Amino acid sequence: MKSVVTKVLIKRITMSLVLLFLLITLIFFLLRISPGNPVQKFVSPLLSPNLVEKVKNSFSLDKSVWLQYTDFVKNLATGNFGISYQYHLPVISVIFTYLPFTIIFSLISFLFQISFGLYSAIKSFNNKGKLIDKILSKSSLVIYSIPSFVIGIFLIYIFSVKLNLFPSADLRSIDFSEFTLPEQLLDYIQHLILPVLTLSLPGIVIYYKYLRENLESINNEGFIRYLRANGISEKIILKKHLLPNAIRPMIAVAGIELGLLLSGALITEVIFSLPGMGRLTVNAILNRDYPLVIGCTFISGILIILTNFIADIVSYKIDKRMIKGL
Amino acid sequence: MKHKIIFSLIISVSLIFFSGCSKKTSQDNRVVIGISADIKTLDPLYTLNLNEGRISELIYLSLIGHEWDNENGNITSYPMLAKSWEWINNHKSIKIILRKNLYWSDSSKFTTKDIVFSFDAYSDPKVQSRFYGEFNNFYTDKDSHIDINKSFDVVAPDTVIINFKKNSNPTLFDIDMPILPEHYFIKLERKNYSTAEINFKTIGTGPYALKSWLKNEKIVLKKNSLSYLYSEESINRLIFKIIPNYNSRLIQLQKGEIDILDDIRSDDLDELKKANSLNVAVRKGRSYDYVGLCNIDKDLYQKNGKIVPNGLFGSFKVRKALVHAINRKLIIEEFLNNAAELAVSPVAPIFKFALNKSIQPYEFNPELSKKMLLQLGWIDSDQNGILDKNGKEFSFNLYIPSGNPRRKFTANIIKENLKNIGIEVKVQPVEPSVFFNNMFEKKYDAWIAGWAVPIPIDLKPYWNSDLKVSVANCVGYQNKDVDLLLEKIENTNDANELSTYYKKVQLLIHNDEPVVFLFWIDNITVYNKKLKNISINPLGSIQHCWEWRVDK
């Protein structure tokens, strides 16, 4: 069994690397053929065409696309993604300025989504047909249909403008560096409550809906009826039989969701002025910062592949037969 | 039930805890300035955008400074790092005497070497600075790199003479560049300047120095005690807070989380004026929107560089007919809440010394427009609602940068207005990066964009007929008389002559109407009333902020 797992792991890693390489190659060529010129903003209207050409050449964009690609692959082999046109810094160092926040923010939001989604689905299932079930079911539909920027603005209006409970934006206070450690921690929590809520609410609803329906359909399965007929308590049926079976298909969804969260939460980052990967990536695309776009795509690709891989491993841990799917 | 009570208790306690926690803050002597996007660098070699320039100029000083003279509508110069200057050698050289005891923020002594080095670096093609290619009055090589030996004579430890080309007409603006610390850059290879650490760890002579920079969050400047502009009473810290969302910036301004905010939209003016804690400053702008109408046949020009009038907009009579058909006042009233002024030429009304007040805006008169087009042979021969001439319909694509509500609104008004006189307009929003690239490459027949008139005013790059020199003449405007006047402007320093030439240029351009000049947009700045001694002028709201004071 161990050798099978090793083989599967090697195969999976090799495939992931090939996939990543294909992904950034595709992005490389798509960027080159897409309209727009990364040099335009660096060229003063006062420059003569000869000097404009000189500036353009300094970006190495005068070479043929194929030559640019071979240079790119050579640099990539040494882990060099190049220098960002806008930041004048190595791409990797720009990305690593934004990535830690995105990882922490996404993980917090992910935990919120999973735990509240799970809790509300069980609560709703245990109170089938009662008021709480109806409220959760109806309100989840409403929340699901509201765009997250509306949720964000609504939360800011209520909790920041009207009640003045939380800050309206930012990751930390301006005087953050002057605070003691507990104050700093508290400051982070205060600043992150509204963004985490904005980012998590739609996710909570997805997990709630998914799990609630799974619980219902598994509850109607023959083996559950058999357990009940044998006098097994409802608690044990829920804990040992219903939940594990209902959660299993959710793991793959959670893997994809976490991967997407880690790629950046643009809308939440913009509304709450948070320094995340979403803003970085979109700005890089809008400014045609080719090296940075490729770097961001590469990191997002890695994170999505990694989270899916983790999801598959978790599935395998729950059910060893899942090795075939890996 | 027990769980519910515990849960409710936790929520209530948390809310009380979070809201009740007041941390010690040092809000006394600091000012928070809201900006929409992070800057990329503070190195004056590469500070391309507005905020980069504004912040960097507080850290790196130039030899001379500028102030806005509201009476004459022009800028005046005053000594900065230079204690004084004197034009010599028949105005072909300038003698600069430095202030005594100037120091960099790392305690190194400021010397004339820094000046010579700065001009060398700014003009070096290997460095590709933002000023590269703009040293036309200096002795340069074929790559526009300044010839240092010919151009600079250090005659004393505090005196340097800068020599300009024989046939040039230098002004103080030729030496208006932030001076760089030679002792730092000398250690680096020129091609590595753009990635140097000094982009983020500054060494300057200005009244402020960089304290910290949290990417996409805030940039904090602290007072530089080694600067000659240092004052005990100045604001201790300037904090530039990055808030990408406009509404978030507005909320923070109203809540007192930020103290000063530029680029306020006119429709928010009324509400902000009601706030007791805020002051509203509306100043006339130097940015205008226009409808670009390609004067030349873009396809032929791109194919073989030939300049032939455009099939639709080549005649000034057609362009004038279009101005009469567009209700520009409606856009100002409906969208800009009257915070704009009709434009008649490319000279902003704030440049009082150059403004030709006799020029009146073209009136909105669709009937006159119809008549003018009829006289030019544009008739609706097939009765389909669209004018035609020689079998060609008057129909065109109007390109606008996407995501710009003002230009979208303007485009829709223009579409409706022109439809009323029998012209079909198809509005085409294009992603901004693609839009501006295509505009500069003359790929559009018609578009809506805007220009900000530079300070000091310079019309040549926008209106000179030589399209190889005037990259910003995107419409391909051709007028030999205008060229001649622009040449004269370049070759004189006499205030009266300059005024006369500018007024003549305006009249010529107004008569040709190479683009449809739409409106000059007012700049609205809102700031907290606790800020004192603040002067909002066309050079920017934070200019001279070392003179600000905070009411305690």
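These protein sequences, in sequence, are chains A and B. Its first residue numbered 1, the first sequence is counted upward by one per residue in our numbering. Its first residue numbered 1001, the second sequence is counted upward by one per residue in our numbering. Even glycine gets a Cβ: it sits at the ideal position worked out from N, Cα and C. A quick note: this is a predicted structure, and the numbers were derived from the prediction, not measured.
query                                                                                                                                     : result
One or two residues paired with residue 1447 (chain B) in a DSSP bridge                                                                   : B:1292 and B:1399
Proximity test, Cβ basis, 9 Å: residue 164 (chain A) and chain B                                                                          : yes
C-alpha gap between residue 1310 (chain B) and residue 1294 (chain B), whole angstroms                                                    : 7 Å
Cut-off 6 Å between Cβ atoms - residues of its own chain near residue 235 (chain A), not counting five sequence neighbours on either side : none
Beta carbon of residue 166 (chain A) nearer than 9 Å to that of residue 160 (chain A)                                                     : yes
Short Cβ contact (9 Å threshold) for residue 1579 (chain B) with residue 1337 (chain B)                                                   : Limits of chain B in this structure are 1001 at one end and 1552 at the other, which puts residue 1579 (chain B) out of reach.
Range covered by the beta strand (DSSP E) that runs through residue 1069 (chain B)                                                        : 1064-1069
Neighbour flag for residue 105 (chain A) against chain B, beta carbons, 9 Å                                                               : no
Contact the segment 1177-1185 of chain B vs the segment 1155-1164 of chain B: 3+ CB pairs below 8 Å                                       : no
Which listed residue (A:111, A:187, A:204 and A:60) has its alpha carbon closest to that of residue 136 (chain A)                         : A:204
Listed by chain order, chain B residues near residue 169 (chain A) by CB distance under 7 Å                                               : 1243, 1248 and 1252
Test: residue 1024 (chain B) CB closer than 9 Å to a CB of chain A                                                                        : Confidence at residue 1024 (chain B) is low in this model, with a pLDDT of 48, below 50, so its placement is unreliable and the value that follows should be read with caution. Residue 1024 (chain B) counts as touching chain A.
Residue 1205 (chain B) vs residue 1224 (chain B) beta-carbon contact at 9 Å                                                               : yes
Residues bridged to residue 1154 (chain B) [DSSP beta-bridge criterion]                                                                   : B:1160
Near-chain B residues of the segment 76-89 of chain A - C-beta to any C-beta below 8 Å                                                    : 83, 86, 87, 88 and 89
Neighbour flag for residue 1529 (chain B) against chain A, beta carbons, 9 Å                                                              : no
CB contact check: residue 1431 (chain B) to chain A, cutoff 9 Å                                                                           : yes
Length of the line joining the Cα atoms of residue 30 (chain A) and residue 1111 (chain B)                                                : 50 Å
Cβ pair residue 170 (chain A), residue 101 (chain A) closer than 9 Å                                                                      : no
Cβ-based contacts, 9 Å cut-off: residues of the segment 1039-1067 of chain B near chain A                                                 : 1040, 1041, 1043, 1046, 1048 and 1049
For residue 1034 (chain B), the residue or residues it bridges with in DSSP                                                               : B:1241 and B:1261
Beta carbon proximity, residue 1218 (chain B) to chain A, threshold 9 Å                                                                   : yes
Within-9 Å CB hit, residue 1168 (chain B) to chain A                                                                                      : no
Span separating the alpha-carbon of residue 1419 (chain B) from that of residue 1389 (chain B)                                            : 16 Å
Cβ contact (3+ pairs, closer than 8 Å) linking the segment 1252-1265 of chain B and the segment 282-290 of chain A                        : no
C-beta contact flag for residue 1413 (chain B) and residue 1396 (chain B) at 9 Å                                                          : no
Nearest candidate by alpha-carbon position, reference residue 243 (chain A), set A:228, A:258 and A:216                                   : A:216
CB-CB length for residue 1117 (chain B) against residue 1182 (chain B), believed under 8 Å                                                : 4 Å
N- and C-terminal bounds of the alpha helix (DSSP H) containing residue 1247 (chain B)                                                    : 1246-1255
Local conformation of residue 1085 (chain B) per DSSP, three classes                                                                      : strand
Whole-angstrom C-beta distance between residue 1133 (chain B) and residue 1151 (chain B), which should lie under 8 Å                      : Going by Cβ atoms, the distance from residue 1151 (chain B) to residue 1133 (chain B) rounds to 16 Å, so no, they are not a contact pair.
Residue 1391 (chain B) classed as buried or exposed, judged by whether at least 16 other C-beta atoms fall within 10 angstroms            : exposed
Close Cβ partners of residue 175 (chain A) (< 7 Å) along its chain, the five nearest in sequence each way excluded                        : none
Residues that DSSP places opposite residue 1287 (chain B) in a beta bridge                                                                : B:1452
Cβ contact (3+ pairs, closer than 8 Å) linking the segment 206-220 of chain A and the segment 107-125 of chain A                          : yes
Buried or exposed (CB count within 10 angstroms, at least 16 for buried), residue 1041 (chain B)                                          : buried
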